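The block underneath contains the structure these notes are about, expressed in structure tokens.
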Amino acid sequence: MNKTEKLFRLRDIYDLSGSDELFAEAMRENVIYHYNNCQQYKSILDRKGFDPYSIHTVKDIARLPFLTTQYLKRHSLVTESSEPLVTATSSGTSGKATTVGYDIPTMLNDLVMCINVGKYHKLWSAVPVNYIVFGYRPDRENTAAAAKTAYLFTLMAPAVSRTFALERVNGEYRLAPEKIIAALKRSESSGFPLRTMGFPAYTYFFMRELERRKLRFKMPEGSLIALGGGWKSHYKERPEKEEFYRLARETLGIPESRIFEFFGAAEHPILYTDCRCHRFHIPVYSRVIIRDVDTLEPLPHGNVGIVDLITPLFTTSPLCSIVTDDLGIIHDEPCPCGCKSPTLEIIGRVGASGVRTCAQGAEKYLKEGAV
Ligand SMILES: [Zn+2]
């Protein structure tokens, strides 16, 4: 078993300080592997004068040259020796998207992570549920990572039914409110819990639509709302969390304690899952560095900057250290949930107005899709 496999099999998924040594070893192993098998990555590291053999502690990782998500949209970095079986693409309904490959070692580590994160957050259930996915059914034409994640989520409890809230009409995806409302009515009377999964913006706009129509449901005990993919271009329309929870309680009868949010990216599909205090604790599989917006130098915790996500998960591409478009802050203060790991707060997006993503236009879809 190599160091990355060991890291992804750790029992305590939030024991950051206890896993620092193993994390550094896994990163060293992963960076050396890509350095030796991906010519472009080797050139980048050589140009920056970085020796992959110089990674000994987690502190050394801050010096590792990072790649940006924007760079990855224009350059496809493939590690030659790997054999990807599945690919996933980053969000982006227009413009360029990044394609990320999964070979067997990457898929297995990803799967073990999903199992362990699901266990910690008690997301696995033997009780059958009705699913509503605020997304689309993954198919040959649509390999979006978000669609795959949403689909995988529907495997965490046996499915009585799966309803996909977006439909393809003339090649475009539209939200289908009538279909969702019919599914909610069926779910409410079935006695089985409901689980929704999808972009927070879609979920929020849909709940607002329920309120506008004065429709109120009381979903069976055990129902939950899962949110993933972030607010993307909808940061400005993002409501206060309290407002979101009020809507969920009043329109679906689902309490705040049953709302889970996930954070991740196609280029960094680590499952950051919010705790009962709705904070993203950093799991053992990754480390996060907040960098100064101008100098890109690492900042001490408690400062706002660009989010740099680090993991040894991939063997198919050198996605070791990825600088995203997200602005965030790391908090060291103890969380009332009892988890000791620092928390990552995403507070916005760099140049949000110019970024088009698949969550954009959710409200437009809703209006156009309404009967
Ligand atoms: Zn917490």
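In our numbering, the protein residues as written are 495 to 865.
Ideal placement from N, C-alpha and C gives every residue a C-beta, glycine not left out.
None of the values given here were measured: they were computed from a predicted structure.
C-alpha gap between Met-650 and His-615, whole angstroms: Answer to the nearest angstrom: the Cα atoms are 12 Å apart.
Could you compute how far the alpha carbon of His-825 sits from the alpha carbon of Lys-712? Cα to Cα, the separation comes out at about 36 Å.
Does the stretch 544 to 564 come within contact of the stretch 832 to 846, defined as at least 3 CB pairs closer than 8 Å? Judged by Cβ distances under 8 Å, the stretch 544 to 564 makes no contact with the stretch 832 to 846, as fewer than three pairs qualify.
Taking the alpha-carbon positions, what's the Gly-832 to Glu-499 distance? Roughly 27 Å between the two C-alpha positions.
Helix, strand or coil: how does DSSP classify Lys-861 here? Because the pLDDT of Lys-861 is 38, which lies under 50, any placement of that residue in the model is unreliable, and the number read from its coordinates should be weighed accordingly. DSSP places Lys-861 in helix when its eight states are reduced to three.
Met-650 (DSSP reduced to helix, strand or coil): Looking at Met-650 - three-state DSSP - the assignment turns out to be coil, as it is neither helix nor strand.
In chain order, what residues place their C-beta within less than 7 Å of a heavy atom belonging to ligand 1? This criterion selects Cys-769, Arg-770, Cys-771, Arg-773, His-775, Cys-829, Pro-830, Cys-831, Cys-833 and Thr-837.
If we count the other Cβ atoms within 10 Å of its Cβ and call it buried at 16 or more, is Leu-765 buried or exposed? So Leu-765 counts as buried.
Ile-675 to Ile-748, Cα distance in whole Å? C-alpha separation (whole angstroms): 16 Å.
Looking at the structure shown, is Thr-587 part of a helix, part of a strand, or coil, going by DSSP? In this prediction, Thr-587 has a pLDDT of 44, which is less than 50 and means its spatial position is unreliable; what the coordinates show is noted afterwards. Judged by DSSP in its simplified three-state form, Thr-587 adopts coil rather than helix or strand.
Evaluate His-550 with the Cβ neighbour count: other Cβ atoms within 10 Å of its Cβ, from every protein chain shown; 16 or more gives buried, anything less gives exposed. His-550 is exposed by the Cβ-count criterion.
Starting from Ser-511, follow the alpha helix (DSSP H) in both directions and report where the run begins and ends. Looking at the DSSP string, the run of the alpha helix (DSSP H) that includes Ser-511 is 510 to 531.
DSSP puts Ser-666 in a beta bridge; with which residues? The amino acid at residue 666 is misidentified as Ser; the sequence shows Glu. In DSSP, Glu-666 forms a bridge with Val-663.
Give the straight-line distance between the Cα atoms of Asp-885 and Ala-760, rounded to the nearest whole angstrom. Outside the displayed range of the chain (495 to 865) lies residue 885, so it cannot be described from this structure.
Proximity winner among Ile-538, Glu-661, Lys-730 and Glu-715, relative to Ser-681 (alpha-carbon distances): Of the candidates Ile-538, Glu-661, Lys-730 and Glu-715, the one whose C-alpha sits nearest the C-alpha of Ser-681 is Glu-715.
What residue does the beta strand (DSSP E) around Asp-819 start on, and which one ends it? Element bounds for Asp-819: 815 to 825.
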